[in-house]
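As structure tokens, the structure follows; a few thoughts come after it.
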Amino acid sequence: MAMSKTLHIRMYDVGFGDCFLIALPDKRTVLVDAGFHSQGKGSFGGNDLVDQIVDDVKDISGEARIDVVIATHRHQDHVYAFNSKKWEDVEVGEVWLPWVEDRSNTKATGLWKKQNRFALQLAAALPGFGLNDADRQDVEFMLWNAGVEMPGFAAAGGWSNAGALDCLHEGFARRDRTRPRFLPEKEVFPESFESPALPGVRVHVLGPPRDPDLIEELDPEADGETYRALALRAAMAGALNGGPSVAAPFGEAWQVPDDETGFQLESGEIERMVDLAQGADAVLAAEKVDNMINSTSLVLVLQIGKARLLLPGDAEWGTWKRILADSDARTLLRGASFFKVGHHGSHNATSKTLVDKVLPRKIPAMISTQQGPGNYRNNIPLEELMAALEEHEIRYARSDRGNAQLAKGFKKGTSGKWIDLDLPC
Amino acid sequence: MRKSPLDTRPERRPLRIFAFDPMLARAGDHRVTVEVPYRPIEREERAFRDDRLEIVDYDAATGRYFRAVDLNDEEIAMTQGLEPLEHDPQFHQQMVYAVASKVLENFDRALGRRLRFRGGDRLRLIPHAFQARNAYFDDELNAVLFGYFPADEDDPGPNLPGQLIFTCLSHDIVAHEVAHAALSRLHAYYNEPTNPQVPALHEAFADIVAMFQRLTFAEVVAPAIRESRGNLLDPKNRLLDIGAQFGSAAGKGGPLRRIAGKPDPALFARTKEPHDLGWILVSAVYEGFVSTYQRRTGDLLRLATGGSGRLPDGELHPDLVNRLSWECVRTAQSVLSMCIRATDYLPPVDPTFSDFLRAMVTADFELNRADDSGLRADMIEAFRQRGIRPEAVGSLAVQSLLLEGENLSQATPDPVLAQIVGKLVDFGARQLGRNYSPPKATTERKRRSPSKMKTPSEWIMQQNRSLADPWEEGAWDAVPTISSEDEPEEILRQIAIDLTTWAKDHRDQLKLDPNLSVAVRGFHPVHRIASSGELLVEMVAHFVQTQKTPKDLGGLKYRAGTTMIANIDGHIRYVIHKPFHAEREGRLQAWVDSFDDTHDTGWPSRERESNRITRAYSARAMDRKRWR
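One line per chain: the protein sequences are C and X, in this order.
What the first sequence shows, in our numbering, is residues 2 to 426, in sequence order.
What the second sequence shows, in our numbering, is residues 163 to 790, in sequence order.
Following this line, the structure appears as structure tokens:
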């Protein structure tokens with residue numbers, strides 16, 4: 002078995018989402034994410050993706066078993082397919098999730114509660130913003146992706162973000178390790194470990210940091226002002242429909258009736274104050290929700306023999322900054338022999354420095370992406386990033402170009418529904 | 163002293179406040195009475211005002227005005243103002259008025275003039291302006307806006323879940339914000355974060371004012387001294403709770419407590435976040451203060467302990483507590499004045515901690531050559547231990563830290579300058595006597611029309627608009643025209659014109675670029691009494707030049723500036739300058755680059771917002787981090 006010395010990576014064309022299957026030389030399998038965007042599907046619609054994955058692992062090992070299932074972060078476009086009932090027939094060794102998914106960690110649950118409140122408040126306030134169609138859809142997509150039920154994004158069969166997470170926490174036919182592994186497990190950076198599910202594979206965890214205070218995007222207080230502004234707008238939108246209006250902090254006895262004469266602020270001054278009190282930008286607020294979840298994304302380096310797979314999920318600049326500032330972590334990146342381009346090739350998930358100065362030349366890379374309409378897909382994938390990869394002789398394959406001429410080393414799957422890569426290890 | 167039976171006007175107005183925010187520190191008695199200078203107050207239903215402050219209780223979240231308190235009401239006045247209560251909005255108004263008045267008094271006392279807001283405008287205080295955990299000074303409205311918010315449902319701290327918490331009930335927040343407003347008035351360009359120490363200095367200065375003002379309240383200090391047995395660095399000392407109350411962007415649990423530990427000289431060089439950087443300055447000043455206090459009280463402790471200096475177990479003698487408290491208050495007042503006075507000796511643009519240290523030392527030296535208390539030396543030592551070293555200075559001796567004064571024996575006085583200083587000082591002297599003059603007949607306020615914005619992004623741009631610079635776009639060599647609306651005092655309009663004309667011909671002396679126009683950005687009269695009893699009568703004036711550059715500086719501008727101090731004879735005493743210099747320009751560019759490096763992924767096609775740096779360090783953004 003150890004003689005084969007090649008690992009295989011399969012990138013499924015899930016549209017705007019991520020789904021990768023890795024087969025190790027000893028026939029063990031690792032699934033990294035299984036999600037897609039309900040309005041931006043690729044070659045798979047849901048259950049058929051799971052069918053395909055199961056067929057593929059059966060081809061590899063002969064049984065419906067995945068040794069490690071990794072969900073990098075809870076965005077729908079990374080976990081949605083875990084809603085499928087078909088997972089009930091699949092056996093799993095271990096499930097790996099970012100530590101913020103640990104339901105027994107009160108810091109983590111508090112975080113999601115606040116985040117969810119913020120997102121719901123935004124959803125409630127949304128009609129009052131009078132956004133144009135493009136912006137509205139943009140916000141709706143980001144909210145849906147974050148797990149807020151949005152009309153127009155409703156999926157068949159009652160699929161939801163919560164359902165997908167439940168499967169990751171408790172689902173599957175059987176698990177060798179009952180409880181998911183929540184990574185990193187300690188405050189060591191970078192954390193490295195080996196799992197009995199993948200003998201001989203060394204796992205390095207570069208993100209997210211274990212200390213929530215180090216994740217600036219996570220700080221729920223940091224945007225208390227936007228939250229309050231959204232609450233006011235939501236309440237006012239409610240007031241128009243006969244709901245409760247915003248209560249003044251002091252009762253009527255303290256208030257000056259409108260018709261009372263005397264000094265008043267100028268209208269311009271009041272306008273500015275109202276803007277300061279209630280000013281919120283729905284798109285920025287939605288991006289905040291989006292970034293916050295991306296900032297919890299796992300960043301892993303899987304060390305298999307001499308291969309080092311860099312799997313950064315959708316980690317954004319905040320996470321990268323910390324990684325690039327650490328010399329041990331940088332060394333790991335310098336030795337990477339495969340790069341999964343983060344966040345569908347967006348500008349915020351891969352820094353210029355990473356490509357120009359850190360990653361080695363001539364390694365293969367994969368981008369799971371889908372060009373198309375919608376603001377959330379503006380500049381995705383980023384052309385400059387593609388150019389920089391080429392300039393550094395990093396050959397890459399795009400999931401949405403499975404039928405095009407592929408760079409050296411990549412193999413086209415049936416009807417371009419996936420792309421394969423063999424990597425010596 | 164009364165000279166006639168008709169003369170009944172009091173000198174002070176006693177008002178009750180919370181010294182410790184009742185929402186954040188529920189233990190113990192935290193009510194004190196402060197005595198603010200008496201000024202006639204004019205009241206309407208929606209506002210009340212004296213000659214420099216106006217309290218308008220308008221809530222923009224709900225669109226309501228709350229009725230203004232009548233501090234002149236005899237029933238209220240005879241009980242030293244309303245009783246401190248968390249849910250009495252009129253007490254809130256009284257509290258912001260009292261604390262802000264106290265801050266302004268401290269500025270007046272330290273600066274040797276009455277702090278005058280631009281155009282003689284009143285600073286507005288809006289105690290319930292919006293619903294959020296923030297409070298900030300808004301330059302455009304010339305107002306401090308205080309937020310209120312419900313306590314967290316899950317983690318309410320010492321409060322009930324959902325209970326309203328008012329930022330205006332914190333002495334520290336009110337004093338901090340009014341200090342921001344005052345510094346913005348004295349140095350408008352410090353709102354431009356031209357290096358990381360600029361926003362840090364703004365924050366640290368505001369903290370110093372808040373913290374040392376509280377240390378001047380004997381009613382607060384005495385119990386703390388009793389509990390900590392005179393040890394101001396005791397981590398359990400309640401006075402250090404000030405730090406805990408401020409909260410901090412980085413360290414949860416009171417950064418000031420760390421003062422007691424050994425300072426790390428490398429920390430200063432490595433810290434970039436402005437609040438963290440600011441704490442280094444605050445802790446240096448606090449430690450300098452403690453050293454002086456300890457020296458001043460050493461004899462008391464020896465007297466009280468029969469020469470051993472070791473206090474016995476148990477309670478301290480109340481007389482000793484009183485004497486120690488008095489020394490603490492006295493030292494705190496000196497530190498406060500020293501720090502505020504330093505602002506007159508700072509360059510008008512791009513200041514650093516090093517500039518602040520030198521300004522502080524120089525300002526103090528001017529008034530108090532001998533440094534009998536040793537405060538100056540203690541400050542220098544505390545700064546040194548934290549790695550804050552003056553640039554371009556060979557040693558840490560006081561002499562070499564002093565800013566270079568002009569040689570008076572050689573220079574001939576400038577008669578034109580003498581005339582200008584004379585006029586200004588005359589105006590300033592009349593202002594100083596304002597306490598006793600009748601209230602200003604006019605209550606007219608300059609009409610403000612803050613610009614209206616339509617889309618959210620425009621709105622964000624405008625929120626963070628960098629300073630409007632009236633001279634910037636116009637003809638550079640033209641003498642400014644200042645409307646009576648901008649500056650109602652004719653004499654000040656005249657002085658502005660005279661000074662601009664004078665500066666144009668003296669760019670050389672001011673060490674400014676001979677080919678660029680000069681803008682006069684402020685001039686202040688100074689009347690100070692030195693420790694020797696000598697009266698110092700001077701003028702402080704700020705001159706600024708701006709270089710047009712096509713480079714994207716993230717909303718910043720490349721400026722040079724000079725602070726000139728001239729005496730009444732027309733002698734220039736100090737020229738404190740930040741000239742145009744390749745090294746400064748390089749440093750500015752490096753700062754912009756490092757900002758961009760840390761804030762985005764570096765793809766050239768990504769458009770960077772033109773005002774991204776000024777926006778990141780806006781008062782609102784900075785204070786949001788501070789009060790969370």
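Even for Gly, the Cβ is constructed at its ideal location relative to N, Cα and C.
Treat the numbers as computed from the prediction; the structure is a model and nothing was measured.
Closest residue to residue i among the options (Cα-Cα distance)
i	options	result
Ile-727 (chain X)	X:Arg-592, X:Phe-705, X:Asp-300 and X:Ser-496	X:Phe-705
Trp-789 (chain X)	X:Ser-263, X:Ser-535 and X:Glu-365	X:Glu-365
Pro-775 (chain X)	X:Asn-296, X:Val-702 and X:Pro-355	In the sequence under discussion, the amino acid at residue 775 (chain X) is Ile, which differs from the Pro named in the question. Ranking the options by Cα distance to Ile-775 (chain X), first place goes to X:Pro-355.
Asp-177 (chain C)	C:Phe-17, C:Glu-95 and C:Glu-384	C:Glu-95
Ala-174 (chain C)	C:Met-143, C:Glu-141 and C:Glu-92	C:Glu-92
Leu-394 (chain X)	X:Ala-783, X:Gly-469 and X:Ala-494	X:Ala-494
Arg-178 (chain X)	X:Thr-170, X:Val-194, X:Ser-166 and X:Pro-172	X:Val-194
Asn-292 (chain C)	C:Val-55, C:Asn-349, C:Asp-357 and C:Phe-130	C:Asn-349
Phe-311 (chain X)	X:Ala-223, X:Tyr-200 and X:Asp-512	X:Ala-223
Gly-1 (chain C)	C:Glu-391, C:Pro-374, C:Pro-425 and C:Glu-394	Examination of residue 1 (chain C) is not possible in this model, given that chain C is present from 2 through 426 alone.
Buried versus exposed, by CB contacts within 10 Å (16 or more), residue i
i	result
His-249 (chain X)	exposed
Glu-270 (chain C)	buried
Lys-418 (chain C)	buried
Gly-476 (chain X)	exposed
Val-189 (chain C)	exposed
Gly-471 (chain X)	exposed
Ser-105 (chain C)	exposed
Lys-6 (chain C)	exposed
Gly-460 (chain X)	exposed
His-338 (chain X)	buried
Phe-411 (chain C)	buried
Ser-332 (chain X)	buried
His-345 (chain C)	buried
His-743 (chain X)	exposed
Gly-159 (chain C)	exposed
Leu-594 (chain X)	exposed
Ala-366 (chain C)	buried
Lys-719 (chain X)	buried
Thr-524 (chain X)	buried
Euclidean distance between Cα positions of residue i and residue j
i	j	result
Asp-540 (chain X)	Ala-230 (chain C)	47 Å
Glu-217 (chain C)	Gly-319 (chain C)	8 Å
Thr-241 (chain X)	Ala-281 (chain C)	44 Å
Ile-715 (chain X)	Arg-770 (chain X)	For the record, residue 715 (chain X) in the displayed sequence is Leu; it is not Ile. Cα to Cα, the separation comes out at about 10 Å.
Arg-546 (chain X)	Asp-438 (chain X)	17 Å
Val-340 (chain X)	Pro-436 (chain X)	19 Å
Pro-361 (chain X)	Met-387 (chain C)	39 Å
Asp-136 (chain C)	Lys-322 (chain C)	29 Å
Gly-699 (chain X)	Val-583 (chain X)	With the sequence shown as reference, residue 699 (chain X) is identified as Val, and Gly is not the correct amino acid for it. Straight-line Cα distance between these residues: approximately 9 Å.
Asn-597 (chain X)	Glu-272 (chain C)	Bear in mind that the predicted position of Asn-597 (chain X) carries a pLDDT of just 48, short of 50, making it unreliable; the figure below should be weighed with that in mind. Roughly 35 Å separates the two Cα atoms.
Gly-208 (chain C)	Phe-194 (chain C)	14 Å
Thr-725 (chain X)	Asp-675 (chain X)	14 Å
Arg-347 (chain X)	Lys-585 (chain X)	21 Å
Arg-777 (chain X)	Gly-306 (chain C)	48 Å
Arg-201 (chain X)	Glu-553 (chain X)	44 Å
Near the ligand HEM: residue i beta-carbon under 7 Å from a heavy atom
i	result
Gly-41 (chain C)	Ligands displayed in this structure: none; no statement on the ligand HEM is therefore possible.
When Cβ atoms are compared, which residues of the segment 165 to 178 of chain X fall closer than 7 Å to chain C? none
Between the segment 13 to 32 of chain C and the segment 63 to 76 of chain C, do three or more beta carbon pairs fall short of 8 Å? yes
What residues in the segment 336 to 352 of chain C have a beta carbon less than 7 Å from any beta carbon of chain X? Result list: His-348, Asn-349, Thr-351 and Ser-352.
When Cβ atoms are compared, which residues of the segment 346 to 376 of chain X fall closer than 9 Å to chain C? none
When the Cβ atoms of the segment 109 to 120 of chain C are set against those of the segment 83 to 90 of chain C, are three or more pairs found closer than 8 Å? no
On the three-pair Cβ rule with 8 Å, is the segment 209 to 227 of chain X touching the segment 274 to 291 of chain X? yes
Would you be able to state if there are at least three C-beta pairs under 8 Å between the segment 196 to 213 of chain C and the segment 123 to 133 of chain C? no
For the segment 749 to 777 of chain X, which residues have a CB atom closer than 9 Å to at least one CB atom of chain C, in sequence order? Asp-759, Thr-760, His-761, Asp-762, Thr-763, Gly-764, Trp-765, Pro-766, Ser-767 and Arg-768
Is it the case that the segment 368 to 376 of chain C contacts the segment 396 to 410 of chain C, given that we only count it when at least three CB pairs across the two stretches are under 8 Å? yes
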